[in-house]
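J.:
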Amino acid sequence: MPRKPRSKSPTGYFHVTLRENGGQLLFDGDEDRIALLHILDAILPKHNIELIAWCLMGNHIHLLIDDPDDRKSDAMHAIAVSFAGRYNARMGHIGHVFQERFWDSPIKSEEYLLEAIRYIHLNPQKAGLAAYDEYPWSSHREYLMSTRSRPHITGSVIDALFPTPRSYLQLMESTPSLPYRPSATAKVREEDLCEFGAAIVQSVAGCAPTELKSVSKALRNEAILTLRKEGLTIKQVQLLTGLGIWIIKNAA
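If you count by UniProt numbering, then the sequence shown holds residues 1 to 252, one letter each, in order.
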């Protein structure tokens, strides 16, 4: 089956996720993490790509990039090959380290750009690894540095979005202005279901998902339709809200 073409971004910004291949951890230690950051530093500029934010997790990495020439596919392939070559030589492995096809989501507005930055930096905190401001393997600390002192992020947009470190911290400490999921077309992952769905229902109906049974039919249906529009399956809406499947199917 042919692969779907990748979505275009009207802004040039993309949230990219590279995941491990075959259930293994990506990093054997900090040496591997440092090596990957050096690979990013070397390869992204060759493809005219600026790094806006990053976070290294145990089995995947998040990158927020500015890719005006749409060269991310070549760049991600080069990154994966370079890291795999080093990793396999050191560990005595053979084959891919990252999954062959990376995942990307276009950032369609400045509002979503801000929420993507927040999402990426909060990833380790949501995973229970550490508070976002204590986790050492993300670009959070670079946002508190002067432009010339930042070791990895290069996006000039950062200074325009956050004139001072305090303005960035205000974003991190504030309530999200809209529910952010890294793709507007992919199905919601089970691990994101509760948080993402609850944020949508709260913004639309002003209640918890399980309380939709008690609101007006019009408001309930609006919440259901919004959940479906944002990528939740009928089954996921049912699990989240406790509503009957026919109520969900007939929402209009």
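Each residue gets a CB set at the ideal place from its N, CA and C atoms; glycine is no exception.
Where do the N-terminal and C-terminal ends of the beta strand (DSSP E) with residue 121 fall, by residue?
T.: Looking at the DSSP string, residue 121 is not in any beta strand (DSSP E); the run it does join, the alpha helix (DSSP H), is 110 to 126.
J.: Taking Cβ to Cβ, would you say residue 150 is nearer than 8 Å to residue 142?
T.: yes
J.: Would you tell me roughly how many angstroms separate the C-alpha atoms of residue 224 and residue 31, rounded to the nearest one?
T.: 47 Å
J.: If you check the beta carbons only, do residue 102 and residue 18 fall under 8 Å apart?
T.: yes
J.: Give a yes or no on contact between the segment 163 to 175 and the segment 103 to 121, applying the rule of three or more CB pairs nearer than 8 Å.
T.: yes
J.: The beta strand (DSSP E) spanning residue 65 covers which residue range?
T.: Following the DSSP letters along the chain, one finds residue 65 inside the beta strand (DSSP E) bounded by residues 60 to 66.
J.: Would you report the Cα separation of residue 232 and residue 81, rounded to the nearest angstrom?
T.: A direct Cα-to-Cα measurement between residue 232 and residue 81 gives close to 34 Å.
J.: Under three-state DSSP, which class holds residue 245?
T.: Of the three classes helix, strand and coil, the one that applies to residue 245 here is helix, per DSSP.
J.: Considering only C-alpha positions, which residue in the set 53, 61 and 15 is nearest to residue 104?
T.: 15
J.: Which of the three DSSP states is assigned to residue 219 in this structure?
T.: helix
J.: Starting from the C-beta of residue 78, find all residues in its chain whose C-beta is less than 7 Å away, skip the five residues before and the five after it, and write them out in chain order.
T.: 43
J.: Is the distance from the Cβ of residue 146 to the Cβ of residue 54 below 8 Å?
T.: no
J.: Kindly identify the DSSP beta-bridge partner or partners of residue 19.
T.: 60
J.: In the structure shown, what three-state DSSP assignment does residue 184 receive?
T.: Note that residue 184 has pLDDT 44, beneath the 50 cutoff, so the model's placement of it is unreliable and the number below is only indicative. Coil at residue 184, not helix or strand.
J.: Taking DSSP as the reference, what is the three-state secondary structure of residue 169?
T.: helix
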